[in-house]
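Heads up, the thing below is written out as structure tokens.
There are 2 protein chains.
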Amino acid sequence: MEQNTLSSLIWLRMARFVQRSNQLSNEFLERYDMTVAQFDVLAQIHIYEPITQMDLAEKLTVSSGGISRMLTRLEKECLIVRKQDWKIKYISLTDKGRALIQDAMPEQTNFQSSLFDEVLDETEKKQLYTLMTKIQKNSLQKKI
Amino acid sequence: MEQNTLSSLIWLRMARFVQRSNQLSNEFLERYDMTVAQFDVLAQIHIYEPITQMDLAEKLTVSSGGISRMLTRLEKECLIVRKQDWKIKYISLTDKGRALIQDAMPEQTNFQSSLFDEVLDETEKKQLYTLMTKIQKNSLQKKI
DNA sequence: TTTATTCAATTGACTAGTAAACTGATGTTA
DNA sequence: TAACATCAGTTTACTAGTCAATTGAATAAA
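Residue numbers (the working numbering), protein chains in the order written: chain S, 5 to 148; chain Z, 5 to 148.
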């Protein structure tokens, strides 16, 4: 018992950090009347629009059911539109959605960055980015 | 726009990695008829029992409402007990809960570790642990 | 031309979290 | 002793995700 390998300690710290940073982001984004999940979706659409629901789900590491629900919410608030072409729906931002994300993006990016900038120097951040790239890529191709 | 600072790229990779690793853990833990959230709670109780709900919530970075629900579920499945003393409830594992977590722990820890062990060497893991410790500590004391 | 197949998207039933309002024992004060 | 304050825990109403079953448009086959 007490299998406190270095790896499992890293896992725990990372899981708690992400959870905590999502709580903080949600609190921060209240001023834009948005959650961090909604911000994340709008930001991806902003980069890749027009994009299919399937592709969006994959970029967000979310199921097709999950993306469907989320887009229904965002559509109801007139932040995005779904245009059906053949049997695929293409997602784009509305003017309102584009204005919102362009407004929120710099501040939210700043906030996210502060979580790292406050405690890491430039070299450490490069190190961390390299390490994260390796483990994230590995996790995407891993199967049970 | 396109504020792709190094820090915000790290944030994105970390968020996606944690999400993906939770999906994989849930799939893995199906064999024990458990979710990764339940595993996490049982593992913390195993280390700290007897522990109050408040303390448990803090260790798991979860709200008091969240821990209340989760413990109700685990109690219904006879994995934990709550003993009221004064106005505080102390949580402990039942024999069934202890058996389950002791059974699942080595395999789950192994699985978690493989996410890092497969792509990082010992030095890189030490680096990553040091960096994660810094940023997690910072996130816990950060306020909006 | 009708039937079957495919596959993106949706829906139903679930877990897991949040904030905010409420409950209920235990102390404190008038 | 009766009213009030405190504070852990619970509950309500919500967001956000999962899997599995279903829907529906387009294409292929009989």
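Heads up, the beta-carbon is just placed ideally off N, CA and C, and yes, glycines get one too. All figures in this text were calculated on a predicted structure; none of them were measured in a lab.
Taking all protein chains shown into account, do 16 or more other C-beta atoms lie within 10 angstroms of the C-beta of S/SER68, making it buried, or fewer, making it exposed?
Answer is exposed; the Cβ neighbour count stays below 16.
Would you say S/LEU83 lies against chain Z (beta-carbon separation less than 8 Å)?
Closer than 8 Å: no.
Pick helix, strand or coil for S/MET5, following the three-state DSSP scheme.
Bear in mind that a pLDDT of 42 at S/MET5, under 50, signals an unreliable position, so the model cannot answer this.
Spell out whether any CB of chain Z is found under 8 Å from the CB atom of S/LYS80.
Chain Z, which has no Cβ nearer than 8 Å to the Cβ of S/LYS80, makes this no.
Z/SER67 - DSSP class collapsed to helix/strand/coil:
Judged by DSSP in its simplified three-state form, Z/SER67 adopts coil rather than helix or strand.
Where does Z/MET5 land, buried or exposed, given buried means 16+ other C-beta within 10 angstroms?
Low confidence applies here, because Z/MET5 scores a pLDDT of 43, under 50, leaving its location unreliable; read the following figure in that light. Flag for Z/MET5 reads exposed.
Could you compute how far the alpha carbon of Z/ARG27 sits from the alpha carbon of Z/ASP89?
Note that residue 27 of chain Z is Gln in the sequence shown here, rather than Arg. Cα to Cα, Z/GLN27 sits roughly 37 Å from Z/ASP89.
Helix, strand or coil: which one does DSSP assign to Z/LYS147?
Three-state result, Z/LYS147: coil.
Taking just the CA atoms, how far does S/SER96 sit from S/ALA108?
The alpha-carbon of S/ALA108 is positioned some 18 Å away from that of S/SER96.
Hey, could you find the ends of the beta strand (DSSP E) Z/LEU97 is sitting in?
Counting along the chain, Z/LEU97 sits inside the beta strand (DSSP E) bounded by residues 92–97.
Which stretch, first to last residue, makes up the beta strand (DSSP E) that contains S/CYS86?
Sequence inspection shows Arg at residue 86 of chain S; the Cys mentioned does not correspond to that position. Segment 84–89, the beta strand (DSSP E) holding S/ARG86.
How would you list, in chain order, the residues of chain Z whose beta-carbon sits under 7 Å from the beta-carbon of S/THR65?
What S/THR65 touches in chain Z: ARG20, GLN23 and ARG24.
Using the three-state DSSP reduction, which class does S/THR134 fall into: helix, strand or coil?
In the three-state reduction of the DSSP assignment, S/THR134 falls in the helix class, which pools H, G and I.
Please list the terminal residues of the continuous alpha helix (DSSP H) segment that includes Z/GLU53.
Z/GLU53: not part of any alpha helix (DSSP H); DSSP gives it neither H nor E.
Output, in chain order, the set of chain S residues within a Cβ distance shorter than 7 Å of Z/GLU122.
Contact of Z/GLU122 with chain S by beta-carbon distance below 7 Å involves ASN142.
Could you check which residue in Z/TYR36, Z/LEU16, Z/ILE55 and Z/ILE14 has the C-alpha nearest to that of Z/PRO110?
Considering only alpha carbons, the answer is Z/TYR36.
Could you tell me the boundaries of the alpha helix (DSSP H) in which Z/ARG24 lies?
Taken as a continuous stretch (DSSP letters only), the alpha helix (DSSP H) holding Z/ARG24 covers 10–33.
For S/GLU31, decide whether its Cβ has a neighbour in chain Z, counting only Cβ atoms nearer than 8 Å.
Closer than 8 Å to some Cβ of chain Z, the Cβ of S/GLU31 qualifies, so yes.
What is the DSSP secondary structure of S/MET38, counted as helix, strand or coil?
Here S/MET38 sits in coil by DSSP.
Do you know whose CA, among Z/LYS138, Z/ARG102 and Z/ASN114, lies nearest Z/GLU53's CA?
The shortest Cα separation from Z/GLU53 among Z/LYS138, Z/ARG102 and Z/ASN114 belongs to Z/ARG102.
Of the listed residues Z/LEU104, Z/HIS50 and Z/ILE139, nearest to S/GLY119 (C-alpha basis)
One point to set straight first is that residue 119 of chain S is Leu, not Gly, in the sequence displayed. Restricting attention to Z/LEU104, Z/HIS50 and Z/ILE139, the CA atom closest to the CA of S/LEU119 is found in Z/ILE139.
Chain S within 8 Å of Z/LYS138, Cβ atoms only
So yes, Z/LYS138 belongs to the interface.
Which term fits S/THR113, buried or exposed, when burial requires 16 or more other beta carbons within 10 angstroms of its beta carbon?
By the beta-carbon neighbour count (other beta carbons within 10 angstroms, threshold 16), S/THR113 is buried.
Going along the chain, which residues of the region 27–59 of chain S sit with their C-beta nearer than 7 Å to a C-beta in chain Z?
Residues of the region 27–59 of chain S with a C-beta atom less than 7 Å from some C-beta of chain Z are LEU28, GLU31 and PHE32, listed in chain order.
Nearest to Z/ARG24 by CA position, among S/ARG24, S/ALA19 and S/SER25, is which residue?
For the residues S/ARG24, S/ALA19 and S/SER25, the minimum Cα distance to Z/ARG24 belongs to S/ALA19.
Near-chain S residues of the region 97–114 of chain Z (beta-carbon distance less than 7 Å), N- to C-terminal order:
Residues passing the 7 Å Cβ filter: GLN106, MET109, PRO110 and THR113.
Min CB distance Z/ILE14 to chain S below 8 Å:
Yes, contact with chain S.
Between which residues of its own chain and Z/ILE49 is the CB-CB distance below 6 Å, once the five residues before and five after are set aside?
Counting only Cβ-Cβ distances below 6 Å, and skipping sequence neighbours, we find ILE95 and LEU97.
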